[in-house]
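Okay, structure first, notes after.
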Amino acid sequence: MCFHYAYIADKVKTGNRFGVTNPPEFESVFHANAFANPSMPVITSEEPDKVNYYNWGLVPSWIKSRKDADDISKKTGNARSETVFEKPSYRSAIKSRRCIIPATGFFEWRHEGKEKIPHFVSTTDQEIFAFAGIYEHWTDKSTGEIINSFSMLTTEANKLMEYVHNHRKRMPLILNKEDEKYWLSDLKSKDEIEKSITQYPSENMKYEVIDNKDLWEWSKNRFSM
1 MCFHYAYIAD
11 KVKTGNRFGV
21 TNPPEFESVF
31 HANAFANPSM
41 PVITSEEPDK
51 VNYYNWGLVP
61 SWIKSRKDAD
71 DISKKTGNAR
81 SETVFEKPSY
91 RSAIKSRRCI
101 IPATGFFEWR
111 HEGKEKIPHF
121 VSTTDQEIFA
131 FAGIYEHWTD
141 KSTGEIINSF
151 SMLTTEANKL
161 MEYVHNHRKR
171 MPLILNKEDE
181 KYWLSDLKSK
191 DEIEKSITQY
201 PSENMKYEVI
211 DNKDLWEWSK
221 NRFSM
């Protein structure tokens with residue numbers, strides 16, 4: 001599964017890459033950790049020409065309390081593409097609330113005996129790429145506050161990711177560039193949506209072994225603009 005990624009870009013690069021107008025000012029995120037529920041840039045099917053900030057860790061609309069919302073958001077950073085149409089937390093969102101999640105790479109750990117070795121994985125054919133995601137709007141009835149949140153889809157690992165993520169053999173669902181607008185479009189059927197659920201090819205990916213347990217520090221030193 002993928003609970004750690006980076007987005008190292010500015011508003012100009014984001015606007016040019018995704019064709020959005022007036023993207024907000026933001027700083028590069030060298031290491032986003034799903035379990036901290038960070039607010040991250042997404043582009044939604046509701047507003048495909050705009051960058052919004054949503055919390056990583058989807059909160060379904062039917063959740064009753066803030067405590068329950070906080071609890072479930074720690075478990076919904078990822079949604080398995082094989083079961084996303086069946087799981088109560090995701091089956092509504094996948095049909096009508098899809099998003100893309102801009103990224104420049106993600107972190108995974110290779111298991112070698114008792115040791116876990118961090119790797120940084122990126123694409124060779126795109127400086128900035130997009131994960132496939134789903135999102136929700138949840139209203140805290142005690143305060144009226146609206147929480148916007150998202151989950152990242154995952155799929156079976158390709159050959160490269162079988163090596164890197166050799167424990168669970170999963171990878172995030174990276175969209176082909178030409179499929180991004182399709183993913184955000186008004187798709188009606190499961191068959192239409194599943195056309196975009198494919199493995200990104202190994203030959204268009206690369207990895208680096210990380211020699212620092214502090215992923216933020218490593219990423220900042222490696223990629224500071």
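Heads up, the sequence shown is in the numbering used here, so the first residue is 1 and it goes up one at a time.
The beta-carbon is built from N, C-alpha and C at its ideal position, and this holds for glycine as well.
Bear in mind the structure is a predicted one, so any value in this text is a computation, not a measurement.
Legend entry - 8 Å Cβ cutoff met for A79 and W56: no
Inset, instruction - Check the DSSP bridge columns for Y54 and list the partner residues they point to. - result: M40
Inset, instruction - Measure the alpha-carbon distance for L153 versus L173 and round it to whole angstroms. - result: 5 Å
Inset, instruction - Using three-state DSSP, classify Y90 as helix, strand or coil. - result: coil
Inset, instruction - Take S28 and list the residues in its own chain whose beta-carbon comes closer than 7 Å to its own, dropping the five residues that flank it on each side. - result: Y7, I8, A9 and M225
Inset, instruction - Give a yes or no on contact between the stretch 125 to 134 and the stretch 87 to 105, applying the rule of three or more CB pairs nearer than 8 Å. - result: yes
Legend entry - Opening and closing residue of the beta strand (DSSP E) in which E108 lies: G105 to E112
Legend entry - Endpoints, alpha helix (DSSP H) assigned at S73: R66 to S73
Legend entry - Short Cβ contact (8 Å threshold) for E108 with H119: yes
Legend entry - Where Y53 falls, given that 16 or more other Cβ within 10 Å makes a residue buried: exposed
Legend entry - Cβ neighbour criterion (16 or more within 10 Å) applied to S61: exposed
Legend entry - Option nearest S39 by Cα separation, candidates F223, N148 and E192: N148
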